[in-house]
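Quick note: the sequence shown uses our numbering, first residue -8, plus one each step. Think of the CB as a built atom: it goes at the ideal place given N, C-alpha and C, for glycine as much as any other residue. As structure tokens, the structure follows; a few thoughts come after it.
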Amino acid sequence: MSIKSIRSALPQGMGMNFYNFEDEKELNFSGEGTKTTSTWVPYQTSGKQIRIQIKNENNNSHVDAEFYLWDDDYKLQCSTPEGIKNLLTVSGSKDIGITVNLTGVQAHFE
């Protein structure tokens, strides 16, 4: 599956760093907004995942929240401090969009 859009639903003053270890794509956000991309969600067996870090823009070295996404048997999964959540189950190759807020990630089909 591939991510076609990433939407930041963060409050003013917060930023987000989106990094895909698989294809070394990086996107940085400031506050709210949507960016389009074409990045694959890696399989969990590859050992490489997507990392999303949320930071206060005034203190960029401190990470307020960190999430990881991966595809495990056509399920988009998100690791949060509360545990692992299944976000979507996908049959075949589908394009998805994600929305990131302070507590996690939501996903939808594009």
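Assigned exposure category for residue i - 16 Cβ within 10 Å defines buried
| i | result |
| --- | --- |
| residue 11 | buried |
| residue 30 | buried |
| residue 75 | exposed |
| residue -1 | buried |
| residue 96 | buried |
Terminal residues of the beta strand (DSSP E) in which residue i lies
| i | result |
| --- | --- |
| residue 7 | 5 to 11 |
| residue 90 | 86 to 92 |
| residue 1 | Here residue 1 belongs to no beta strand (DSSP E), and DSSP marks it neither H nor E. |
| residue 96 | 95 to 100 |
| residue 22 | Looking at the DSSP string, residue 22 is not in any beta strand (DSSP E), and its letter there is neither H nor E. |
| residue 76 | 74 to 80 |
Bridge-paired residues (DSSP) for residue i
| i | result |
| --- | --- |
| residue 62 | 34, 67 |
| residue 44 | 8, 57 |
| residue 16 | 11 |
Proximal residues to residue i (C-beta, below 8 Å), its chain only, five neighbours per side dropped
| i | result |
| --- | --- |
| residue 33 | 11, 12, 13, 39, 40, 41, 61, 62 |
| residue -5 | 27, 28, 29, 86, 87, 88, 101 |
Rounded Cβ spacing between residue i and residue j (contact assumed at less than 8 Å)
| i | j | result |
| --- | --- | --- |
| residue 4 | residue 47 | 6 Å |
| residue 43 | residue 93 | Wrong, their Cβ atoms sit about 11 Å apart, outside the cutoff. |
Own chain residues within Cβ distance below 6 Å of residue i, not counting five before or after
| i | result |
| --- | --- |
| residue 98 | 67, 78, 79, 87, 89 |
Cβ of residue i within 9 Å of any chain B Cβ
| i | result |
| --- | --- |
| residue 97 | Given the protein chain composition of this structure (a single chain), no chain B is represented. |
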